[in-house]
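Right, one structure below, let's go through it.
Residue numbers (full-length UniProt numbering): 1 to 296.
Following this line, the structure appears as structure tokens:
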């Protein structure tokens with residue numbers, strides 16, 4: 001906002017011969033003995049200059065004369081005495097101001113009318129200062145702090161809970177479940193086993209250390225095992241095929257004199273007839289159907 005600068009000269013100007021005519025560029029009236037204004041090297045009487053080039057004041061709607069300061073903002077113009085706050089009427093000359101719906105306001109009036117209020121201290125967040133916003137609420141940057149450690153959160157991640165905001169480390173310490181294995185916070189997902197929380201990556205087979213999340217598994221002595229490791233370590237071996245008999249998932253098997261067979265493996269040693277639900281005979285480690293064993 002710069003005042004309009006005019007060049008005023010008295011009736012005599014060096015270099016002008018008094019015998020020559022020195023007239024207004026527009027109305028052609030003589031300028032000798034009168035004040036005039038130069039514009040683009042052409043002289044104008046004050047009246048013509050104001051009619052042709054003066055701006056209209058936004059406040060009083062009158063021309064801003066050549067003898068007045070012309071204060072401008074975004075192609076709008078004011079007399080110096082008319083350049084004031086729309087609300088409190090205090091002068092805005094050489095002061096910061098804001099514009100709202102074509103009206104000029106001092107920073108105090110603008111703040112009271114339009115600026116956000118801090119959700120923490122309830123004071124106005126002044127224009128030009130940094131503010132933090134979340135779900136329709138606003139804070140001064142210095143007021144947006146972690147409820148637990150009282151440190152500014154700034155642009156870091158945070159977690160809201162019960163109308164309070166927490167930085168991630170504080171939230172994890174106060175609210176997040178701790179993994180039974182690594183003792184660190186479980187922030188997403190997780191597995192519950194025997195009513196205790198685990199990270200998915202921490203819940204692994206005691207034998208081979210493969211993750212058990214989403215896989216079938218069993219346990220022994222409170223330790224979890226994948227089916228393969230459990231069978232290899234603890235399952236009885238089939239007397240027929242020597243492979244483990246898991247007994248899991250409803251798998252049926254035959255047990256006789258401390259020996260076990262898969263249902264599919266409990267067959268006559270000679271004719272391979274299934275002996276499940278049938279009578280049978282034994283010869284040393286072999287089992288025989290009654291037909292094959294009748295000569296024993």
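All C-beta atoms in this analysis are idealised placements derived from N, C-alpha and C, irrespective of residue type, glycine included.
- By the Cβ rule, the stretch 225-232 does not count as touching the stretch 252-263, because fewer than three pairs are nearer than 8 Å.
- Inter-residue distance for residue 288 and residue 266 is about 10 Å (C-alpha atoms, whole angstroms).
- A residue is called buried once 16 or more other Cβ atoms fall within 10 Å of its Cβ, and residue 58 is buried on that count.
- Just measuring C-alpha positions, the residue of 119, 121, 128 sitting nearest residue 110 is 128.
- Your pair residue 161 and residue 175 checks out as a contact, with CB atoms roughly 7 Å apart and the cut at 8 Å.
- For residue 165, no alpha helix (DSSP H) encloses it; the enclosing beta strand (DSSP E) starts and ends at 164-167.
- Beta-bridge partners of residue 137 (DSSP): 134.
- Residue 65 and residue 102 have their C-alpha atoms roughly 23 Å apart.
- Of the candidates 27, 187, 264, 52, the residue whose Cα lies closest to the Cα of residue 242 is 264.
- In this structure residue 24 touches residue 43 by the C-beta definition: roughly 6 Å separates them, less than 8 Å.
- Scanning 166, 139, 285, 179 for the CA closest to the CA of residue 119 turns up 139.
- Rounded to the nearest whole angstrom, the CA to CA distance from residue 272 to residue 217 is 34 Å.
- Taking the CA atoms as reference points, residue 158 sits about 36 Å from residue 206.
- Apart from sequence neighbours up to five positions away, the residues of its chain that approach residue 63 with a beta-carbon distance below 7 Å are 50, 54, 56, ordered along the chain.
- Residue 260 counts as buried, since no fewer than 16 other beta carbons sit within 10 angstroms of its beta carbon.
- In the structure shown, residue 93 adopts coil according to DSSP, grouped into three states.
- A direct Cα-Cα distance of roughly 16 Å separates residue 22 from residue 47.
- The alpha-carbon separation between residue 152 and residue 121 amounts to approximately 14 Å.
- Contact annotation: residue 166 and residue 193 have beta-carbon atoms that are not nearer than 8 Å.
- By DSSP's assignment, residue 88 forms no beta bridge with any residue.
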